[in-house]
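Numbering (the UniProt record's numbering), first residue to last: 1 to 286. Just so you know, even glycine gets a beta-carbon here, dropped at the ideal spot from N, CA and C. Below: the structure, in structure tokens.
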């Protein structure tokens, strides 16, 4: 039995979708907080287990009879790291044979501006200390997040971000989910680390050029200063914590944190991952 946490989320559902192509549905389980949101998975034969990262008792129950668990990292909650620890503890208590985790592909965790990302590596350390056999999936920034960075009026106003000429090896979330599922379907669990990235790196200038080509409308990228960017977000009424998180993401991009390129994603997919142009065409429906 393979248990996927966050089963109704973007990456969890992508993993399950691919697993069902290679694995009997009766051997796939999904951890959800709200069973009512998992009717589609149930209809496909996926076993639904109700549990909450904040409730160890429900996690302990959900882990029963499970051989392999994929811990899909939680969001930006203040207690997010403890939530990860709770899942690891429950897996160890239940005698799970393999714990996989969706971490992050960042060049130097010791010099991150966005400290929220540090919890990924703290979780990795906790998994190693647990003694459980593990698989780490270090994922690059999802290409699917680009609309959030460039804004809804990108074709009218262009892109203005404090990311300098920083480059990112963007990859599609769906392809990462597919690759994760392919690895999970393998019986091995030998403390491997996979770095899932696109085949090349792209700056926001490249994003602007690709959007221009695909849409037939001129899109420009203008690097701006961090303080000016944060002032704009303040004017939009965003909370300070959210502003600092977004700004931190972009500063890390500027500093080269997201520019790692690895062949692991292509190897796990059995094909080259989508290019920036291919991905943007799908994401923006161009």
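Own chain, CB closer than 7 Å to residue i, minus 5 neighbours either side, in chain order
i: residue 76; result: 116 and 245
i: residue 230; result: 243 and 247
i: residue 264; result: 194, 195 and 196
i: residue 14; result: 173, 174, 177 and 178
i: residue 130; result: 88 and 92
i: residue 228; result: none
i: residue 7; result: 13, 16, 30, 31, 32, 38 and 41
i: residue 226; result: 162, 247 and 251
i: residue 109; result: 118 and 121
Residue range of the unbroken alpha helix (DSSP H) whose run includes residue i
i: residue 279; result: 276-283
i: residue 224; result: Taken as a continuous stretch (DSSP letters only), residue 224 belongs to no alpha helix (DSSP H), as it is neither H nor E.
i: residue 61; result: 56-62
Alpha-carbon spacing of residue i relative to residue j, whole angstroms
i: residue 256; j: residue 114; result: 13 Å
i: residue 56; j: residue 208; result: 46 Å
i: residue 138; j: residue 127; result: 14 Å
i: residue 99; j: residue 87; result: 10 Å
i: residue 159; j: residue 238; result: 19 Å
i: residue 124; j: residue 103; result: 8 Å
i: residue 166; j: residue 36; result: 42 Å
i: residue 25; j: residue 202; result: 38 Å
i: residue 10; j: residue 235; result: 30 Å
i: residue 54; j: residue 48; result: 18 Å
i: residue 101; j: residue 232; result: 35 Å
C-beta contact flag for residue i and residue j at 8 Å
i: residue 60; j: residue 90; result: yes
i: residue 18; j: residue 177; result: yes
i: residue 179; j: residue 269; result: yes
i: residue 260; j: residue 118; result: no
i: residue 58; j: residue 46; result: no
i: residue 72; j: residue 30; result: no
i: residue 250; j: residue 163; result: yes
i: residue 140; j: residue 258; result: yes
i: residue 135; j: residue 66; result: no
i: residue 284; j: residue 217; result: no
i: residue 161; j: residue 204; result: yes
Residue span of the beta strand (DSSP E) that contains residue i, given as start and end
i: residue 100; result: 98-104
i: residue 29; result: 28-32
Cβ-based neighbour list, residue i, same chain, cut-off 8 Å, excluding 5 preceding and 5 following
i: residue 63; result: 3, 69, 90, 91, 93, 94 and 96
i: residue 280; result: 143, 146, 207, 210, 211, 214 and 286
i: residue 266; result: 199, 272 and 273
i: residue 52; result: 33, 58 and 59
i: residue 188; result: none
Exercise. Does the region 210-229 touch the region 143-156, meaning 3 or more C-beta pairs lie closer than 8 Å?
Worked result: yes
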